[in-house]
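Asker: Quick one: the structure is below, questions incoming.
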Amino acid sequence: METGLGSFIEQVLTRQGNDPGRLVQILRDVQAEYGHVAQRAIEILAERLGLPVGAVESTLDFYSFLTREPTGAYRILFSDNITDRMAGNQAIFDHMAKRLGVTRGVVSPDGLVSLDFTSCTGMCDQGPAILVNGMAITHMTLRRADQICELVRSRVPLVEWPSDFFRIEHNIRRADMLLSSDFMPGSALKAAIAMGRDAYLAEVKRSNLRGRGGAGFTTGVKWEAARNARGEARYIVCNADEGEPGTFKDRVLLQFYAERVFEGMALAGYVVGAKLGLVYLRGEYLYMRAQLEEKLAEFRAARLLGKSILGVEGFDFDIEIHMGAGAYICGEETALIESLEGKAGRPRIRPPFPVAIGYRGQPTVVNNVETLCKVTEVALHGGAWYEGYGTKQSTGTKILSVSGDVERPGIYEYPFGVRISQVLEDAGARNARAVQISGAAGQCLTSREFGRRIAFEDVPTAGSFMVFGDHRDMFEVARNFAHFFQHESCGFCTPCRVGTTIQAKIMDKIAAGHGTQYEMNELQHLREVMRTASHCGLGQTAGAAIADTIARFREDYEKRLARKDFEPAFDLDAALARAREITGRDDADSRLLSDA
Ligand code: SF4
Numbered sequence: 000m001e002t003g004l005g006s007f008i009e010q011v012l013t014r015q016g017n018d019p020g021r022l023v024q025i026l027r028d029v030q031a032e033y034g035h036v037a038q039r040a041i042e043i044l045a046e047r048l049g050l051p052v053g054a055v056e057s058t059l060d061f062y063s064f065l066t067r068e069p070t071g072a073y074r075i076l077f078s079d080n081i082t083d084r085m086a087g088n089q090a091i092f093d094h095m096a097k098r099l100g101v102t103r104g105v106v107s108p109d110g111l112v113s114l115d116f117t118s119c120t121g122m123c124d125q126g127p128a129i130l131v132n133g134m135a136i137t138h139m140t141l142r143r144a145d146q147i148c149e150l151v152r153s154r155v156p157l158v159e160w161p162s163d164f165f166r167i168e169h170n171i172r173r174a175d176m177l178l179s180s181d182f183m184p185g186s187a188l189k190a191a192i193a194m195g196r197d198a199y200l201a202e203v204k205r206s207n208l209r210g211r212g213g214a215g216f217t218t219g220v221k222w223e224a225a226r227n228a229r230g231e232a233r234y235i236v237c238n239a240d241e242g243e244p245g246t247f248k249d250r251v252l253l254q255f256y257a258e259r260v261f262e263g264m265a266l267a268g269y270v271v272g273a274k275l276g277l278v279y280l281r282g283e284y285l286y287m288r289a290q291l292e293e294k295l296a297e298f299r300a301a302r303l304l305g306k307s308i309l310g311v312e313g314f315d316f317d318i319e320i321h322m323g324a325g326a327y328i329c330g331e332e333t334a335l336i337e338s339l340e341g342k343a344g345r346p347r348i349r350p351p352f353p354v355a356i357g358y359r360g361q362p363t364v365v366n367n368v369e370t371l372c373k374v375t376e377v378a379l380h381g382g383a384w385y386e387g388y389g390t391k392q393s394t395g396t397k398i399l400s401v402s403g404d405v406e407r408p409g410i411y412e413y414p415f416g417v418r419i420s421q422v423l424e425d426a427g428a429r430n431a432r433a434v435q436i437s438g439a440a441g442q443c444l445t446s447r448e449f450g451r452r453i454a455f456e457d458v459p460t461a462g463s464f465m466v467f468g469d470h471r472d473m474f475e476v477a478r479n480f481a482h483f484f485q486h487e488s489c490g491f492c493t494p495c496r497v498g499t500t501i502q503a504k505i506m507d508k509i510a511a512g513h514g515t516q517y518e519m520n521e522l523q524h525l526r527e528v529m530r531t532a533s534h535c536g537l538g539q540t541a542g543a544a545i546a547d548t549i550a551r552f553r554e555d556y557e558k559r560l561a562r563k564d565f566e567p568a569f570d571l572d573a574a575l576a577r578a579r580e581i582t583g584r585d586d587a588d589s590r591l592l593s594d595a
């Protein structure tokens with residue numbers, strides 16, 4: 000075992016260039032081979048990479064797809080977004096657990112299988128979804144669960160499972176400027192090269208294109224800042240870690256429009272003077288990695304990547320794919336950079352911003368997948384043309400991931416400024432009670448607000464658009480988000496680490512019928528503490544959905560509240576029962592009367 004483990008790690012290290020900065024990739028490889036990363040593997044890696052054991056452990060323990068303890072030979076993870084819940088994932092999970100004879104989080108005695116939940120896997124338009132050894136399977140039903148149980152019991156290798164299990168649909172329901180246009184690989188690069196670097200950058204600035212990852216920073220300004228920053232090298236990072244619950248548009252862009260994404264990265268590299276681009280692909284999208292590598296090979300063969308791109312002397316640029324390993328916080332750009340450097344994905348203190356000091360300490364542009372697609376449009380048609388779409392402050396189009404209680408879940412592209420009511424009508428939402436925009440960290444809107452517009456100046460969004468019908472309980476929606484944040488808090492700062500935990504516990508207490516006005520006040524208080532004192536956006540927004548649903552759907556909370564003003568979270572009297580039994584006391588003084 001030791002020899003086998005040692006030689007396997009040597010192969011992995013050689014493949015990864017013996018680079019400690021690739022530790023996440025290295026750990027992923029070990030996990031994939033052995034189903035976990037054993038203590039001995041940690042020690043070998045630390046020694047070979049010249050890292051303290053604690054540094055390897057810190058990275059390993061941070062990511063939910065990496066484990067020290069063995070998982071089943073078939074590791075099955077159920078996506079647990081609220082839309083998966085609404086589609087019945089819990090019943091399928093219970094059915095499968097019963098048929099396989101396992102309980103949640105415990106490996107079967109023969110080591111064959113383990114079953115657990117994971118955060119949203121980005122398949123909300125075709126859930127319930129699962130991951131089996133990292134590969135996505137959608138449209139789960141009891142029948143499909145039975146088939147999977149049979150395959151697992153018969154130990155059929157994953158590559159021999161029915162291919163239709165792994166088919167991921169694009170569900171493009173409305174195409175506009177980007178999704179409807181044909182694209183010839185190389186055409187945007189040729190157009191930009193014909194203009195020259197400065198002129199193309201001027202067009203990007205003219206377009207007023209703003210980042211589609213949520214923050215909405217102006218792309219041209221970001222590129223210019225990175226180009227002008229001091230550094231020995233420059234990097235372009237494609238943030239393909241779309242982990243916001245309910246978001247899946249980047250999945251579709253990467254799977255069906257990868258040429259646009261890669262060419263957008265090359266365009267950014269051209270302007271900024273970068274030689275290397277990195278795609279940070281979320282671990283849940285492992286299924287598309289081979290296809291993306293093939294596409295990169297085609298680009299190299301066509302001289303759209305590599306040395307002297309399209310014959311331009313000095314224009315050298317290539318792209319590598321790095322896989323995430325199950326951490327929502329890595330969607331935050333500085334956490335993502337930490338992860339790319341092989342560390343736990345904890346957000347950095349800003350400033351300095353990545354455009355000045357980013358990946359490996361050098362100027363780095365981090366752009367969202369959709370933003371990178373859009374810069375190809377600007378190269379082909381110019382900034383003025385692009386600016387003509389959308390609104391003054393939100394130019395161009397926005398791609399929405401629509402899921403939940405709609406007849407046609409999927410991808411919808413609109414010029415910015417579209418009303419929420421229009422999206423609901425197009426998607427076939429009947430009697431929508433609420434829409435959660437921009438995921439768990441976003442805003443919850445009621446029917447009174449459906450006249451509002453999707454735009455940075457009104458309702459900004461990274462793309463998630465979850466619809467809840469009039470039969471939905473918005474308390475349960477908010478409770479799902481509370482558990483999501485508790486799970487995904489990176490633990491770096493106290494307000495978020497402790498706040499998200501207490502928040503989830505309070506929501507559970509209310510769900511159990513033990514909540515009072517005191518808990519309602521505590522939720523509001525916690526929200527303020529996390530919003531004002533947390534280090535990054537995760538903690539700052541972790542209480543937003545609860546605050547929104549309390550403000551708009553208070554009745555969903557109040558119907559669960561007990562009448563008393565206060566009920567302790569811990570029943571001390573019940574906890575002392577065993578002590579009374581041992582001491583033989585049961586007099587009044589040995590009891591704590593809760594009403595006293
Ligand atoms: Fe980590 Fe939360 Fe603090 Fe952000 S706010 S750094 S996620 S603990």
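So in numbering that gives the first Met the number 0, the last spot in the sequence shown is 595, and the numbers never skip. Idealized CB from N, CA, C, for every residue including glycine. Source: prediction; values computed, not measured.
1. Between the region 336 to 354 and the region 16 to 27, can you find at least three pairs of beta-carbon atoms closer than 8 Å?
2. What does a CB cutoff of less than 6 Å around Ala96 pick up in its chain, not counting 5 residues either side in sequence?
3. Taking DSSP as the reference, what is the three-state secondary structure of Asn88?
4. Comparing the CB of His534 with every heavy atom of the ligand SF4, is any distance shorter than 7 Å?
5. Which of helix, strand or coil does DSSP assign to Lys204?
6. Quick one: Cα of Ile308 to Cα of Gly389, how far?
7. Could you tell me the alpha carbon to alpha carbon distance between Pro362 and Gly230, rounded to whole angstroms?
8. Could you pull the start and end residues of the beta strand (DSSP E) that Ser597 belongs to?
9. Going residue by residue through the region 75 to 138, where are the continuous alpha helix (DSSP H) segments of at least 4 residues, counting only ones entirely within it?
10. Contact between the region 428 to 435 and the region 444 to 457: three or more CB pairs below 8 Å?
11. Just checking, does the region 100 to 115 make contact with the region 52 to 70 on the three C-beta pairs under 8 Å criterion?
12. Candidates Met465, Ala267 and Arg173: which alpha carbon is nearest Trp222's?
13. Any heavy atom of the ligand SF4 closer than 7 Å to the Cβ of Leu59?
14. If you measure from the CB of Arg526, is any heavy atom of the ligand SF4 nearer than 7 Å?
15. With distance defined between alpha-carbon atoms, name the residue in Glu424, Ile91, Leu304 and Glu159 nearest to Lys274.
16. Is the closest heavy atom of the ligand SF4 to the C-beta of Phe491 under 7 Å?
17. Do you know whose CA, among Asn227, Thr218 and His169, lies nearest Leu253's CA?
18. What is the residue span of the alpha helix (DSSP H) that Gly538 lies within?
19. Based on DSSP bridge pairs, tell me the residues matched to His321.
20. Distance check for Leu560 and Arg154, CA to CA, integer angstroms please.
21. Pull the bridge partners of Lys397 from the DSSP assignment, please.
22. Among residues of its own chain, excluding the 5 on either side of Leu150, which ones have a beta-carbon nearer than 6 Å to its beta-carbon?
23. Hey, Glu283 and Ala135 are a contact pair by Cβ (cut 8 Å); roughly how many whole angstroms apart?
24. Mind checking which residues open and close the alpha helix (DSSP H) that includes Cys492?
Answerer: So, from the listed chains and residues:
1. Short answer: they touch.
2. In the sequence shown, the residue the question calls residue 96 occupies position 97. Cβ within range, chain order: Leu114.
3. Within the sequence shown, residue 88 is the residue found at index 89, counting from 1. Reduced to three states, the DSSP call for Asn88 is helix.
4. Counted from its first residue, the sequence shown places residue 534 at position 535. Yes, the ligand SF4 has a heavy atom inside 7 Å of this Cβ.
5. Within the sequence shown, numbered from 1, the residue matching residue 204 stands at position 205. Three-state DSSP puts Lys204 in a helix.
6. Translated into positions along the sequence shown, residue 308 becomes position 309. Translated into positions along the sequence shown, residue 389 becomes position 390. About 33 Å.
7. For the purposes of this step, residue 362 is identified with residue 363 of the sequence shown, where counting begins at 1. For the purposes of this step, residue 230 is identified with residue 231 of the sequence shown, where counting begins at 1. C-alpha separation (whole angstroms): 6 Å.
8. Shown here, the chain extends from 0 to 595; a query on residue 597 therefore has no answer.
9. If you keep only unbroken alpha helix (DSSP H) runs of at least 4 residues inside the region 75 to 138, you get 81 to 85 and 88 to 99.
10. Cβ pair count under 8 Å is three or more, so yes.
11. Taking 8 Å as the limit for Cβ pairs, the verdict is that the region 52 to 70 does touch the region 100 to 115.
12. Counted from its first residue, the sequence shown places residue 222 at position 223. When C-alpha distances from Trp222 are compared across Met465, Ala267 and Arg173, the shortest belongs to Ala267.
13. Working through the sequence shown from its first residue, we reach residue 59 at position 60. Taking non-hydrogen atoms of the ligand SF4 into account, the C-beta of Leu59 is found less than 7 Å away from none of them.
14. In the sequence shown, residue 526 corresponds to position 527, counting from 1. Checking the Cβ of Arg526 against the ligand SF4 gives no.
15. One-based indexing of the sequence shown puts residue 274 at position 275. Of the candidates Glu424, Ile91, Leu304 and Glu159, the residue whose Cα lies closest to the Cα of Lys274 is Leu304.
16. Taking the sequence shown and counting its residues from 1, the one referred to as residue 491 is at position 492. Phe491: yes, Cβ under 7 Å from the ligand SF4.
17. Start at 1 with the first residue of the sequence shown, and residue 253 comes out as number 254. It is His169.
18. As a working mapping, residue 538 is identified with position 539 in the sequence shown. From DSSP, the alpha helix (DSSP H) with Gly538 extends over Gly536 to Thr540.
19. Position 322 of the sequence shown holds residue 321. His321 is bridged to Tyr279.
20. One-based indexing of the sequence shown puts residue 154 at position 155. One-based indexing of the sequence shown puts residue 560 at position 561. If you take the alpha carbons of Arg154 and Leu560, they lie about 49 Å apart.
21. Position 398 of the sequence shown, counted from the first residue, corresponds to residue 397. Answer is Tyr413, bridged to Lys397.
22. Working through the sequence shown from its first residue, we reach residue 150 at position 151. The beta carbon of Leu150 sits closer than 6 Å to the beta carbons of Trp160 from its chain, once the five residues preceding and following it are set aside; these are given in chain order.
23. Residue numbering aside, residue 283 sits at position 284 when the sequence shown is read from its first letter. Residue numbering aside, residue 135 sits at position 136 when the sequence shown is read from its first letter. That pair is a contact at about 7 Å.
24. Stepping through the sequence shown from its first residue, residue 492 is reached at position 493. From DSSP, Cys492 is part of no alpha helix (DSSP H); its letter is neither H nor E.
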